[in-house]
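Quick notes on the structure that follows.
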Amino acid sequence: MLKMQDVNVRVSSNLGEVQILKNINLTLEKNKIYVITGPNGGGKSTIGKSIMGIYQVQEGDIFLEEEKITSLSITERAKRGIGYAFQTPARFKGLKVEDLLKLAAKDNPVNLYELLYDVGLCAQDYLHRDIDSTISGGELKRIEIASILAQNPKVAVFDEPEAGIDLWSFQRLTETFENLHKKYETTIVIISHQERILKLADQVILVKDGEISEITSHEKFLQHIAILDSECSCHNNCVKGGVLDVDNY
Ligand SMILES: Nc1ncnc2c1ncn2[C@@H]1O[C@H](COP(=O)(O)OP(=O)(O)OP(=O)(O)O)[C@@H](O)[C@H]1O
Ligand SMILES: [Mg+2]
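For the working numbering, count along the sequence shown from 1 and bump the result up by 16.
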């Protein structure tokens, strides 16, 4: 479905050219859920943005269903069925929730009530609201996720969908992700740090320092995390919950 082949991304900053992604190789299959996780600043959002065409890749290629899309614009990629929900969504002054969802859905036969329910929002309360500063961060996040669902994309990338979302809506949202790839044939990529989301994954992709350091099942990944959690990360041989060896400090 979607393939990244030897992808390198560099950007110019005030410190000169910075390499953000190094030799990313990924194959994402139809109808599967992938969760990208890893430390802050590791390159997760950059992978999502490269898939969407927000960041151009300098080396390597991206394919969607065998078509090379590396040099296509964001709009062209959206037309071909790629959707990306930002870590921090934008507000659209002058646009109502209903307008945004209809624009996103285009000719797809979507039920706006169901769509908002799927992200834990009551349609009656939200359809006619302006997407301006009066919408809270968590509400905005959920409206953006609904707009991606409305597109019914072939590949949907959700960047930290849990950020700012309350526990009750989060529960609804995880069910939505779970059902989404059963209902449609969407390849779902979720960038997340949440265990509940990790458990939805067919594969967990660990990204560190701009590289993929591991691709594994969520069971193996969570076992691995449990071991790391019981070890001290300060390299001074102290044991979590144990007695500190003061002489070593
Ligand atoms: N346009 C840019 N100019 C300079 N540096 C950038 C740019 N975009 C990203 N970076 C840097 O690239 C690295 C990867 O960023 P990215 O946003 O992909 O990380 P992330 O894994 O999504 O982190 P987080 O978990 O905090 O969201 C970071 O160190 C970031 O500061
Ligand atoms: Mg990020």
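All C-beta atoms in this analysis are idealised placements derived from N, C-alpha and C, irrespective of residue type, glycine included.
How many angstroms separate the CA atom of residue i from the CA atom of residue j?
{"i": "Pro125", "j": "Lys157", "result": "23 Å"}
{"i": "Asp263", "j": "Glu160", "result": "Note that Asp263 scores 44 on pLDDT, short of 50, meaning its location in the model is unreliable and no value can be drawn from it."}
{"i": "Glu92", "j": "Ile221", "result": "26 Å"}
{"i": "Lys37", "j": "Glu227", "result": "The sequence shown places Leu at residue 37, rather than the Lys named in the question. Taking the straight line joining both Cα atoms gives about 6 Å."}
{"i": "Phe79", "j": "Ile98", "result": "12 Å"}
{"i": "Asp115", "j": "Tyr100", "result": "18 Å"}
{"i": "Asp225", "j": "Glu83", "result": "29 Å"}
{"i": "Gly285", "j": "Glu130", "result": "There is simply no residue 285 to check, as the chain begins at 17 and stops at 265 in what is shown."}
{"i": "Ile181", "j": "Thr190", "result": "11 Å"}
Return yes when the C-beta of residue i is under 7 Å from any heavy atom of ligand 2, and no when it is not.
{"i": "Gln167", "result": "no"}
{"i": "Ser66", "result": "no"}
{"i": "Ser87", "result": "no"}
{"i": "Asp225", "result": "no"}
{"i": "Ser61", "result": "yes"}
{"i": "Ile228", "result": "no"}
{"i": "Ile40", "result": "no"}
{"i": "Ile207", "result": "yes"}
{"i": "Asp218", "result": "no"}
Could you check whether the Cβ of residue i sits closer than 7 Å to any heavy atom belonging to ligand 3?
{"i": "Gln103", "result": "Looking at this structure, you won't find ligand 3 anywhere; what it does contain is ligand 1 and ligand 2."}
If you run the structure through DSSP and keep just helix, strand and coil, what is residue i?
{"i": "Ala120", "result": "helix"}
{"i": "Lys19", "result": "strand"}
{"i": "Phe79", "result": "strand"}
{"i": "Phe186", "result": "helix"}
{"i": "Glu155", "result": "helix"}
{"i": "Phe102", "result": "coil"}
{"i": "Gly97", "result": "coil"}
{"i": "Lys170", "result": "coil"}
{"i": "Arg107", "result": "coil"}
{"i": "Val27", "result": "strand"}
{"i": "Lys224", "result": "strand"}
{"i": "Asp134", "result": "helix"}
{"i": "Ser229", "result": "strand"}
{"i": "Lys129", "result": "Before going on, a small fix: residue 129 reads as Tyr here, not Lys. Reduced to three states, the DSSP call for Tyr129 is helix."}
{"i": "Thr86", "result": "coil"}
{"i": "Val262", "result": "At Val262, the pLDDT of 41 sits below 50, so the modelled position is not reliable and the matter cannot be decided from this model."}
Excluding the 5 residues preceding and the 5 following residue i in the sequence, name in chain order all residues of the same chain whose CB lies nearer than 6 Å to its CB.
{"i": "Ser185", "result": "Gly136"}
{"i": "Ile231", "result": "Gln219, Ile221"}
Taking 7 Å as the line, does the beta carbon of residue i fall inside it for any heavy atom of ligand 1?
{"i": "Val27", "result": "yes"}
{"i": "Gly58", "result": "yes"}
{"i": "Val34", "result": "yes"}
{"i": "Asp69", "result": "Just to set this straight, residue 69 is Gly in the shown sequence, not Asp. It does not: the Cβ of Gly69 is nowhere closer than 7 Å to a heavy atom of ligand 1."}
Can you name, in chain order, every residue of its own chain whose Cβ lies under 7 Å from the Cβ of residue i, other than the five neighbours on each side?
{"i": "His209", "result": "Thr53"}
{"i": "Glu33", "result": "Arg26"}
{"i": "Glu176", "result": "Gln103, Ile207, Ser208"}
{"i": "Leu119", "result": "none"}
{"i": "Asp148", "result": "Arg107, Lys109"}
Here's the rule I'm using: 16 or more other beta-carbon atoms within 10 Å means buried, otherwise exposed. How should residue i be labelled?
{"i": "Ser87", "result": "exposed"}
{"i": "Asn56", "result": "exposed"}
{"i": "Leu42", "result": "buried"}
{"i": "Thr203", "result": "buried"}
{"i": "Glu155", "result": "buried"}
In chain order, what residues of the same chain have a beta carbon less than 8 Å from the beta carbon of residue i, not counting five sequence neighbours either side?
{"i": "Ile164", "result": "Gly99, Tyr100, Ala101, Ala120, Ala172, Phe174"}
{"i": "Lys112", "result": "Leu143, His144, Arg145, Asp146, Ile147"}
{"i": "Gln74", "result": "Asn24, Val25, Arg26"}
{"i": "Lys65", "result": "Tyr71, Tyr100"}
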